[in-house]
Each structure stands twice: as C-alpha cells, then as structure tokens.
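Asks: One structure coming up, written as structure tokens, with questions to follow.
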Amino acid sequence: MAKVPTILFMMVVVLVDPIHGAPQVPCFFIFGDSLVDNGNNNNLLTRAKVNYQPYGIGIDFLTGPTGRFCNGRTTVDILAQLLGFENLIPPFATSNKGPDILKGLNYASGATGIRVETGSQLGGHISLDQQLLNHQVTAILYTYKKKKNTTSPDEISSAQVHRPMPTKKSMPTKFRRGKPNPANFVGIDLCRRNFVARVNNIGQCAAGQTPCQNRSEYVFWDGFHPTEALNQITGIRTYTAFDPSDAYPMGISHLVQLRL
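Each position in the sequence shown, counted from 1, maps to that position plus 306 in the working numbering.
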C-alpha cells in the first residue's frame, strides 16, 4: 500500500488545581491538528473536514459524524475519560463559552501545522498561533467565571503567543516557561505508519463508502489518521508513559499529581 510520510501533532494543557476529587483535574485544553480536531473545521471552507460518513460510523461513535478524523474517539477523547471527565471536551467553534470553558475546550484544527502557512492549500484552518489567541480569550473568561464561582480563585494570566519552535521537544519546553499559572504542558508526537481504508486523493475516506467490519484489528482509519483501536492504546500510553518516548516531558498521570 502507498505510504505518505507526514508528521502530525497535538498538545494538551492541564490546569492543576489543589482541590481533590473527580475528575482528576478541573480543566483540559487541547491544541493540534486533525489527530485531535473534534469539529472545529466543520463550518470552514476547507477540504480538511470530515463531517460525513463513514467517519464516526455506527456504534464506533453513537452520534455519527462529528468532525473527528476517525471512526470513533480520538486520543484526547480517551485521555478525557481516563482523567475522569463525564463528557468529552467540546470544540471551541461550537462552544457557548459558558460553563464549558470551566472544564476545557478543544482548539485543534485539521490541516494545521507548526508553520502558519501549513495546510493553506486545502483551504481554511485555524493555525496554531490562532489557537493560542483563542485560548487567550478563554483564559480571560475562565478567570472571570472562576471568580464568580469560588471565594479564592487562582489567577490565570494570558497565555503568551509563541512563534513555531525549531524542534519538537523545544516547543513544550518553551511553552512551559510562558505557561498560564498554574498550568503544565505535555507534548505528544505521533507519526503515520500505514493505512488500510480506501481513501480519496487527499488521504481522507471517500464519502459514503462502506468500511471493513473488523476495524478494531487495524491501525489506520484513512491515509493519515488512526483508528479508535490505536487511539485507545496511544491514550493509555500517553497517560501512563510506559516509555519515555510516549510523552514529553512526562506522562499525563504524573502531570496531574503536580501541585504548583
């Protein structure tokens, strides 16, 4: 089968709160590309959107196509469940910016890359810089709403916007230096290996096709994106960091134990 090399990325932000209870952390913010986009591209003029079948097919995702580039849950959906969130983190584009932002938002956008111009050949997308600007707005609203709901809130400063970093490991390190307080960043780097589904000329599933029934036995859903089966493995390894290469600089389970 044809192999198209590419590098996909995601970054998660966990806001650590000294209050104990479920979920393990009060907030979960997500930045990245199509690996973790959960619908932010649906209303954009772009070829990089998948709000059609067979994405989210059948029992793999009970609500049907959502804009996730997968047959079911993404890695960050798995992480949200491992962290104890009752509901999956909603997309920034359709959030009402009300109570949702107190638990987190997903800013990711399909076709986004480290460079601002990455993905422009496919149409509209939300660059990483714009995702961070969107989070600045959220941080202000988060602080305001938290003040209204607690007597001793932790102040959250605006996130600084950083230009793309020269290496993948330097990016989370530099974000950690300018992070909103109290927050921590973990970077998860994923790369494409092979795929099994019939795809169109940009590597996405062709609309309306009937995919194989034994999807849990495969690694990739389309030309670039993993199946839910692999996302479950990746989510668990990211959470526990069995190997130092699974997450940098630490696993999510270690991250949430930090008290700053």
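In this text, a Cβ means the ideal position worked out from N, Cα and C, and glycines have one as well.
1. Quick one: give me the first and last residue of the beta strand (DSSP E) that Gly338 is part of.
2. Taking C-alpha atoms, which residue in Asn377, Pro360, Gln538 and Ser401 lies nearest to Asn440?
3. Tell me where the alpha helix (DSSP H) around Leu411 begins and ends.
4. Between Val422 and the rest of its own chain, which residues show a CB-CB distance below 7 Å, the 5 nearest in sequence each way excluded?
5. Counting C-beta neighbours from all protein chains within 10 Å, is the total for Tyr450 16 or more, i.e. buried, or is it exposed?
6. Measuring alpha carbon to alpha carbon, tell me which residue in Gln359, Asp406, Leu351 and Ala445 is nearest Gly416.
7. Indicate whether the contact test is met: 3 or more Cβ pairs, each with one atom in the region 527 to 547 and one in the region 373 to 387, closer than 8 Å.
8. Could you tell me the distance, in whole angstroms, from the CA atom of Ile508 to the CA atom of Leu561?
9. Thinking C-beta only, is Ala414 closer than 8 Å to Asn346?
10. Alpha carbon to alpha carbon, how far is Asn537 from Asp552? Give it in angstroms, no decimals.
11. Tell me the DSSP secondary structure of Pro396 in three-state form.
12. Would you kindly work out how many angstroms separate the C-alpha atoms of Asn506 and Pro371, rounded to a whole number?
13. Evaluate Pro360 with the Cβ neighbour count: other Cβ atoms within 10 Å of its Cβ, from every protein chain shown; 16 or more gives buried, anything less gives exposed.
14. Quick one: Cα of Ile365 to Cα of Gln519, how far?
15. Is it buried or exposed, Lys403, if we count other Cβ atoms within 10 angstroms and call 16 or more buried?
16. Is the beta carbon of Asn412 sitting closer than 8 Å to the one on Val443?
17. Am I right that Val342 and Thr369 are in contact with their C-beta atoms under 8 Å? What's the rounded C-beta distance?
18. Residues in its own chain within less than 7 Å of Asn405 by CB, not counting five upstream and five downstream?
19. CB Gly390 to CB Gln427, shorter than 8 Å?
20. Just to confirm the assignment, what range does the alpha helix (DSSP H) spanning His560 have?
21. Indicate the three-state DSSP secondary structure (helix, strand or coil) for Thr352 in the structure shown.
22. Enumerate in chain order the residues of its own chain whose CB-to-CB distance from Ala399 is below 6 Å, with the five nearest sequence positions on each side excluded.
23. Any heavy atom of the ligand MN within a distance shorter than 7 Å of the CB on Thr424?
24. Smallest Cα separation from Cys511: which of Tyr554, Arg353 and Tyr545?
25. Would you list the one or two residues that DSSP bridges to Cys511?
26. Can you tell me the Cβ-Cβ gap for Phe334 and Ala386, rounded? I've got them flagged as a contact below 8 Å.
27. Hey, how far is the Cα of Gln515 from the Cα of Gly529?
Replies: Judging by the given coordinates:
1. Cys333 to Gly338
2. Ser401
3. Note, Leu411: premise wrong, no alpha helix (DSSP H); not H, not E.
4. Ser433 and Asp435
5. exposed
6. Leu351
7. yes
8. 36 Å
9. yes
10. 13 Å
11. coil
12. 18 Å
13. buried
14. 11 Å
15. exposed
16. no
17. Going by Cβ atoms, the distance from Val342 to Thr369 rounds to 17 Å, so no, they are not a contact pair.
18. The amino acid at residue 405 is misidentified as Asn; the sequence shows Pro. If we look at Pro405 and ignore the five residues flanking it on each side, it has no Cβ neighbours.
19. no
20. Ile558 to Leu561
21. strand
22. Asn346
23. Absent from the structure shown: the ligand MN. Ligands present: none.
24. Arg353
25. Val505
26. 6 Å
27. 15 Å
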